[in-house]
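Take a look at the structure below.
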Amino acid sequence: MHEFDSKDLKRLFGIPASQVRSLIRAGHIHPLKKAGRLSYSFQDLIVLRTAGSLRAAKIPAQRINRTLREIRESLPGELPLSGLSIIAVGDRIVVREGQALREGDTGQYTLELEVIDRGGDLVVIDKQAQNGGTAGGTRAARRASTNGVPAAPGPAAVAADEAFEKGLELEDTDPAAAREAYEACLAADQHHLEARLNLGRLLHLDGRLDEAEKIYRSTQSGEAILSFNLAVLLEDFEREDEAMAEYRHALALDPGFADAHFNLARLHERAGHPKDALRHLLAYRRLMNES
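Counting from 124, one number per residue, gives the positions in the sequence shown under the numbering used here.
Below is the structure:
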């Protein structure tokens, strides 16, 4: 397995040596000493990636270490810290566990929202269900006209939106009914991206991988997030070569998709391709610096 040294860490994450030493003392990373030098595994890199992202968000190093320690103490013994997604929302540290987000300091659950402009529509997305390496999908979306004149939707569009809203309301209480609602939405509007993402995610979480794959593949929308989610699904199938192809397709559609680079780096490292792993890690780092 390829290992990474301190020069790699500096290039990838820009983390000062003092903070790396602090993370080592706290037990968050476990480098091996070889020939007088410290070498870091890819698992260490995942934790360092998290620390680097929090540092870039102006979270103090002391608070990062305290949060990582508190999170580690709250985890069951068999779950590694690197299995979590830890992000900054404003000046807060938020931990993603499965489909839930909670504040690292208080333990309170929260929502992460993002507003984007998609094709002339303003879309408010609950990023709690989107991916970083998980089978993500859009949990909530609301459309509004951006030109001051609301568009008059046709009957099919109205039926699709009503079915989508029903699916959102049912996800937490009745996932099976939510899946039926998303299927009805897609029957009325086969191009409804949010319904397709959510249906694929629910099928994936329910272990119905073949059905989820069919949902992701039965469209030619050209959306990078669909290719990314399909890649995550293919990893669960242990079809890693196909997963890598889908991550590359996601990057062809959206060259700024940083997490696709990171997941490709992980798969290349696992496949014994250290140069390709490092190349994608450096691309990930460049994109994170630009964001």
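Idealized CB from N, CA, C, for every residue including glycine.
Taking 7 Å as the cut-off, the beta carbon of S162 is found no closer than this to the beta carbon of L171. Separation of the CB atoms of A318 and L326 is rounded to 12 Å, and the pair is thereby denied contact status at 8 Å. K157 has R160 as its beta-bridge partners, per DSSP. T342 sits in coil when the DSSP states are folded into three classes, being neither helix nor strand. Counting the other CB atoms within 10 Å of its CB gives F360 a total below 16, which places it among the exposed residues. In the assembly as shown, G379 is an exposed residue. Its beta-carbon has fewer than 16 other beta-carbons within 10 Å. Distance from the CA atom of L316 to the CA atom of E285, rounded to whole angstroms, is 15 Å. Residue state for R408 is assigned as helix, using DSSP reduced to three classes. Shown here, E361 sits in coil according to DSSP, grouped into three states, outside any helix or strand. By the beta-carbon neighbour count (other beta carbons within 10 angstroms, threshold 16), R302 is buried. Taking C-beta separations shorter than 8 Å and ignoring five residues to either side along the sequence, the partners of E346 in its chain run L316 and L376, following chain order.
With a beta-carbon spacing of about 18 Å, L401 and E363 fall beyond the 8 Å limit used to define contacts.
Only exposed fits D295, as fewer than 16 other CB atoms lie within 10 angstroms of its CB. One thing to note: A354 has its Cβ no nearer than 7 Å to the Cβ of Y339. Nearest C-alpha to D382 among I182, H396, R409 and A280: R409.
Between the alpha carbons of H151 and S164 lies a distance of about 12 Å. Assigned with DSSP and collapsed to three states, Q166 falls in helix. For K181, the closest of L168, R324 and I138 by C-alpha to C-alpha distance is I138. Between the alpha carbons of I348 and A373 lies a gap of roughly 7 Å. Residue nearest to A280 within the set R160, D312, L291 and P298 is D312 (criterion: CA-CA distance). Secondary structure note for Q142: its alpha helix (DSSP H) is the uninterrupted segment A140 to R148. Per DSSP, reduced to three states, the secondary structure at D333 is helical. Collapsing the DSSP output to three states places T173 in a helix.
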